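Quick note on numbering: the UniProt record's numbering labels position 452 of the sequence shown as 452, and the sequence is numbered without any gaps.
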Amino acid sequence: MAPPLPESISCSSSSDDLTLLDPEPMPTETSLLLPGKTAHDVENAASKQHHHHHAGKPLPGMQVFLLCFAKAMEPIAFFAIFPFIAQMVQRNGNLPTSDVGFYSGLIESLFSATQMVVLYFWGHLADTIGRKPVLLWTLIGMAVATFFFTVATTIWQMILFRCLAGVFSGSGLVIRTMLSDHTTSETQAVAFSWFAFANNVGIFLGPIIGGALADPAEQFPGVFGGIQLFEDYPYLLAGVAITIINIVSIALSALYLEETLEPEDSHHPTTPGGGGASSASATTTTTATATTPPSRPHRLSTRELLKAPGVGIVIWVYTHVMFLAFAFTAILPVYLFTPVRLGGVGFSPFQNSLWMAVQGASQATWLIVAFPFLQRRIGTKGSMKACVAVYPLFFVGYVVMNLLLRIHTEPALAAFWIVCPVVAVIGPGVSMAFTAVQLALNDVSPNPHVMGTLNALAMTAASAIRSFVPGVSTVMFAVGVRNQILLGHLVWVILIPIAMSLSIFVRWLPEDKQSHKILREEEDE
């Protein structure tokens, strides 16, 4: 993906080959705006027509579907063990109840910790040997590791196979990269909205599969009772179900997915102003560009990539957004359960599940319906600004809900039932920031051959903060509730300014391709 450029010189994310050594195409737009037409103008006009052809290519629906289906596999494997992890730890370790929480948390955390270590490797490999083989290996490894986890009989086996699952958890990274390769600035919003939706589907299905199929001899004695295999391995059925789903995804990916990484030596000489890869000599003279075959894209080191225009600030914003997301996700279940007098809303389990369902449906609607429209209208950066403006208000809404319930008067309760739906339905719109920041990441990639590495750097940073942010957030919530610091709202008072500070960094984001297009259309009008 090239850095964000004006429309007349930018091309699709899958065909741009601009590198750090060749940033000079930018000035060519100026010549298109001059009243006089020179031979160079004609060449640039031809280039513009070429790029418009690529920018207007349709979204490959089947490829996006296959990638989104594959994306759902990782959250299914990750969350499927949650319903039975505590019971499995106690059974395999013969532990007292007081020790179950420690080992359960350790095993759950090891997945993310291992993932953080290996993501860069998978990203670099995807940029080197191709996206598709790396995706297939990660899907196969995840399926095998998850299956053997469900038949583990000791805690050390559980730790080993959970770490192995983390080692092969690079599929999401590769899928992001392949979607970037398939899309243009006009179609990437739709594709990545479905990507986020697929992730949510996996989060939803994983616990259902794991919980419904765990210990079938105990849950369904009429069907599975007396079968020794399921008594010896009570989580085998869940493992088999997850493995079958993964095999389907692997088979479809192997048969029908297309490789999206163009070979580095596949580019051929182009006519002047054409859409081929640029050579380093293009920065000297136009004649050299016309006669010299384009060189292979420069293989950027990690340091060079981080110094590329816009990359550092986009990764910072990406990490900042993930920080807020991980903190809120950890706090929400505890907040909903906590009594009103301590700082929560005291919902029942049914009310908790209803709240989660409404928020999940709302989030899906914002991502699938609203975000593509919003991104077309105001661009990626504009969408980020809108989400960032709402984020602090979203957190304030939870404080207001508790305060209204504390007052416990009829007007306060009436106000609560006004605020409550707004927080549940409108608030999840901030989730569009997750997709918007991914599009910003796509736009700052110096060339397609580092897209995997760039995504790996961003996801590694996110994995690093995921290893401690949820725990720290729930501890801060507990401290505030236990000591009634700020009426139990300590964690919200900390998160609100952190959310507000995000607006400062979003201003420094480079202008994206869609924003350039919107600006150009406004000028034409």
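Heads up, the beta-carbon is just placed ideally off N, CA and C, and yes, glycines get one too.
Just so you know, these numbers come straight off a predicted model, no measurement behind them.
Item to check | When 345, 446, 316 are compared against residue 406, the one with the closest alpha-carbon | outcome: When only C-alpha atoms are compared, the closest one is 345.
Checklist entry - Just curious, the alpha helix (DSSP H) that residue 495 is in, first and last residue? => result From DSSP, the alpha helix (DSSP H) with residue 495 extends over 490-506.
Next on the checklist: Please tell me whether residue 182 and residue 456 are closer than 9 Å, where the distance is taken between their beta carbons.
Outcome noted: No, the Cβ-Cβ distance between residue 182 and residue 456 is not below 9 Å.
Item to check | Opening and closing residue of the alpha helix (DSSP H) in which residue 132 lies | outcome: Its alpha helix (DSSP H) spans residues 131-150.
Item to check | Contact set for residue 312: own chain, Cβ-Cβ below 8 Å, skip 5 residues either direction | outcome: Hits under 8 Å: 306.
Checklist entry - If we count the other Cβ atoms within 10 Å of its Cβ and call it buried at 16 or more, is residue 391 buried or exposed? => result Buried: at least 16 other Cβ atoms inside 10 Å.
Checklist entry - Under the three-state reduction of DSSP, which class applies to residue 321: helix, strand or coil? => result Residue 321: helix per DSSP, three-state reduction.
Checklist entry - What's the gap between the Cα of residue 445 and the Cα of residue 300? => result Using only the alpha carbons, I get a separation of about 11 Å.
Checklist entry - Taking Cβ to Cβ, would you say residue 239 is nearer than 9 Å to residue 150? => result In this structure, residue 150 lies closer than 9 Å to residue 239 by Cβ.
Item to check | The alpha helix (DSSP H) enclosing residue 483, as first and last residue numbers | outcome: Looking at the DSSP string, residue 483 is not in any alpha helix (DSSP H), and its letter there is neither H nor E.
Next on the checklist: Give me the residue from 262, 58, 245, 241 with the minimum Cα distance to residue 130.
Outcome noted: Minimum Cα-Cα distance from residue 130 among the listed residues 262, 58, 245, 241 corresponds to 262.
Next on the checklist: Taking the alpha-carbon of residue 458 as reference, which of 419, 318, 408 has the nearest alpha-carbon?
Outcome noted: Restricting attention to 419, 318, 408, the CA atom closest to the CA of residue 458 is found in 318.
Checklist entry - Who are the Cβ neighbours of residue 426 in its own chain at under 7 Å, not counting the five residues just before and after it? => result So the list is empty, once near-sequence residues are dropped.
Next on the checklist: Quick check on residue 277: buried or exposed, where buried means 16 or more other Cβ atoms within 10 Å of its Cβ?
Outcome noted: Model confidence at residue 277 stands at a pLDDT of 36, short of 50, so the residue's coordinates are unreliable and nothing is read from them.
Checklist entry - Are the Cβ atoms of residue 451 and residue 177 separated by less than 9 Å? => result Closer than 9 Å, so yes.
Checklist entry - Taking the alpha-carbon positions, what's the residue 502 to residue 393 distance? => result Distance between the alpha carbons of residue 502 and residue 393 is about 13 Å.
Next on the checklist: Give me, in chain order, the residues of the same chain whose beta-carbon lies closer than 8 Å to that of residue 97; leave out the 5 immediate sequence neighbours on both sides.
Outcome noted: Non-local beta-carbon contacts of residue 97 in its own chain, meaning distances under 8 Å to residues more than five positions away in sequence, involve 90 in chain order.
Checklist entry - Count the other CB atoms within 10 Å of the CB of residue 508; is the residue buried (16 or more) or exposed (fewer)? => result The residue in question, residue 508, is exposed, as its Cβ has fewer than 16 Cβ neighbours within 10 Å.
Checklist entry - Under a three-way DSSP split, which group does residue 235 fall into? => result DSSP places residue 235 in coil when its eight states are reduced to three.
Item to check | C-alpha distance - residue 471 paired with residue 57, whole-angstrom precision | outcome: Here the C-alpha atom of residue 471 lies approximately 45 Å from the C-alpha atom of residue 57.
Checklist entry - Could you give the uninterrupted runs of the alpha helix (DSSP H) lying entirely in the region 198-238, keeping only those of 4 residues or more? => result Counting whole runs of 4 or more residues, the region 198-238 contains the alpha helix (DSSP H) stretches 216-219, 221-224, 228-232.
Checklist entry - Hey, quick one: how far does the alpha helix (DSSP H) through residue 75 stretch, first residue to last? => result Per DSSP, residue 75 belongs to the alpha helix (DSSP H) from 73-79.
Item to check | For residue 75 and residue 428, the rounded distance between their alpha carbons | outcome: The alpha-carbon atoms of residue 428 and residue 75 are separated by roughly 20 Å.
Checklist entry - Around the Cβ of residue 235, are there at least 16 other Cβ atoms within 10 angstroms (buried) or fewer (exposed)? => result Counting Cβ neighbours within 10 Å, residue 235 comes out buried, since at least 16 surround it.
Next on the checklist: Spatial neighbours of residue 399 within its chain, please: C-beta separation below 7 Å, excluding the five flanking residues on both sides.
Outcome noted: Correct list, in chain order: 489, 492.
Next on the checklist: According to DSSP, is residue 402 part of a helix, a strand, or is it coil?
Outcome noted: Annotated three-state conformation of residue 402 is helix, per DSSP.
Next on the checklist: Let's test the definition: count the other Cβ atoms within 10 Å of the Cβ of residue 409 and tell me whether it reaches 16, buried, or not, exposed.
Outcome noted: Residue 409 should be labelled exposed.
Item to check | DSSP-derived helix/strand/coil call for residue 410 | outcome: In the structure shown, residue 410 sits in a helix (DSSP, three-state: H, G or I).
Checklist entry - Between which two residues does the alpha helix (DSSP H) carrying residue 304 extend? => result For residue 304, the enclosing alpha helix (DSSP H) covers residues 302-307.
Item to check | First and last residue of the uninterrupted alpha helix (DSSP H) at residue 182 | outcome: Boundaries of the alpha helix (DSSP H) around residue 182: 171-182.
Item to check | Sufficient close CB pairs (3 or more, under 8 Å) joining the region 359-373 to the region 196-208 | outcome: A contact exists between the region 359-373 and the region 196-208.
Item to check | Helix, strand or coil at residue 352 [DSSP, three-state] | outcome: Three-state result, residue 352: helix.
Item to check | Selection from 439, 466, 475, 443 that minimises the alpha carbon distance to residue 190 | outcome: The residue with the shortest Cα to Cα distance from residue 190 is 439.
Next on the checklist: For residue 93 and residue 324, I'd like the C-alpha separation in whole angstroms.
Outcome noted: Rounded to the nearest angstrom, the two C-alpha atoms are 35 Å apart.
Next on the checklist: Three Cβ pairs or more, each shorter than 8 Å: is that satisfied between the region 66-86 and the region 202-213?
Outcome noted: Yes, the region 66-86 is in contact with the region 202-213.
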